[in-house]
Each structure stands twice: as C-alpha cells, then as structure tokens.
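Report on one structure; see the data block that follows.
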Amino acid sequence: MNKLTTIVYVEAIEPCLPFWTDRLGFEVTARVPHGDRLGFVILQKGGVELMYQTHASLADDLPALVDEVAASTTTMFIEVAGIDAVERALAGVEVLVPRRTTFYGMDEIFVRATCGSVIGFAAPVGGAAAT
Numbered sequence: 043m044n045k046l047t048t049i050v051y052v053e054a055i056e057p058c059l060p061f062w063t064d065r066l067g068f069e070v071t072a073r074v075p076h077g078d079r080l081g082f083v084i085l086q087k088g089g090v091e092l093m094y095q096t097h098a099s100l101a102d103d104l105p106a107l108v109d110e111v112a113a114s115t116t117t118m119f120i121e122v123a124g125i126d127a128v129e130r131a132l133a134g135v136e137v138l139v140p141r142r143t144t145f146y147g148m149d150e151i152f153v154r155a156t157c158g159s160v161i162g163f164a165a166p167v168g169g170a171a172a173t
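Residues 43 to 173 (this note's numbering) are what the sequence shown spells out, left to right.
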C-alpha cells in the first residue's frame with residue numbers, strides 16, 4: 043500500500059474550499075465539473091491529500107455506492123508539526139473538543155469544518171509551531 047486519501051461526500055464543494063485553502067493553505071490540485079458546479083476536487087498540502095465529491099456526482103459516476111456512502115461516517119485526523127498556527131488559522135470555526143494534551147502524548151483539537159466534517163489536528167507534545 044502506498045497512500046490513503048479520504049473522500050468526503052457533500053452536497054456542494056464550493057462552500058468547503060475556503061476552510062482548506064484560505065485557512066489551512068491547501069492547494070486545489072484537480073477540479074472536475076459536474077454541470078455548472080464542481081463535482082470533485084483534490085486538495086493537497088505537504089503529504090496530506092483530501093478529496094471532495096458531491097452526492098450528485100457520485101450518483102452519476104458510481105450509483106452502486108450511493109446508499110453505502112450515505113450510511114457511512116468519517117472523522118479525519120491530521121498530524122501536524124504544531125498546533126499553535128493551526129489553532130490561529132481556525133479562529134471562529136466551531137470547536138468540538140478544545141485543545142488538550144492526551145495521555146498518548148499529543149496536543150490536539152477537534153473542529154467541525156465548514157461542510158460539517160469532524161477534523162482532529164494533533165501534534166506530538168513539544169512539536170514546532172507550523173501548519
């Protein structure tokens with residue numbers, strides 16, 4: 043196995059992008075239209091890659107997966123070098139689990155992204171402040 047990439051299914055991609063691009067510095071590396079809107083995008087920053095696809099695009103592309111995707115849930119957990127810069131970038135975003143230090147040595151925070159996804163950011167205790 044070489045890589046794992048999360049695919050997040052949403053009603054509309056456009057409202058999701060600023061969370062990743064403007065706040066966290068991700069780059070959109072691929073865009074696939076679906077009608078007059080985006081149907082699929084790939085976002086990347088460093089070694090982290092993430093995909094978004096609309097439910098409508100999924101229904102047209104892989105109709106056999108529609109019910110399975112609707113029944114699944116996903117929480118993303120992203121390891122970063124340090125939490126300080128991430129926490130500043132997420133100012134105003136809904137915090138689900140305030141910043142804490144875990145028993146397993148991580149400094150972490152969980153938030154709800156613009157499109158509703160639950161995302162945890164974690165850094166080894168003592169890590170440098172970077173996004």
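Heads up, the beta-carbon is just placed ideally off N, CA and C, and yes, glycines get one too.
Note that this is a predicted model, so its numbers are computed, not measured.
Could you give the residue range of the alpha helix (DSSP H) that holds residue i?
i    : result
V108 : 108-113
Here's the rule I'm using: 16 or more other beta-carbon atoms within 10 Å means buried, otherwise exposed. How should residue i be labelled?
i    : result
T173 : The predicted model places T173 with a pLDDT of 49, which falls under 50 and marks its position as unreliable; any figure quoted below should be read in that light. It counts as buried.
L104 : exposed
Could you name the residues that DSSP lists as bridge partners for residue i?
i    : result
L46  : DSSP, once it has assigned bridges, lists no residue as partnering L46.
Y51  : Q95
L85  : V70, L92
F119 : G162
R142 : E150
Along the beta strand (DSSP E) that carries residue i, what are the first and last residues, could you check?
i    : result
V128 : Where V128 is concerned, there is no enclosing beta strand (DSSP E), although the alpha helix (DSSP H) it sits in stretches over 126-131.
D149 : 148-154
G134 : Looking at the DSSP string, G134 is not in any beta strand (DSSP E), and its letter there is neither H nor E.
L162 : At residue 162 the sequence reads Gly, which differs from the Leu that was named. First-last of the beta strand (DSSP E) with G162: 160-166.
Of the choices the options, whose alpha-carbon is the least far from that of residue i?
i    : options               : result
V135 : Y51, P57, T48, F61    : F61
A98  : L92, V90, L107        : L107
V90  : T115, V139, G67       : G67
T144 : P166, K45, E129, S159 : P166
D109 : I125, Y51, H76, V160  : Y51
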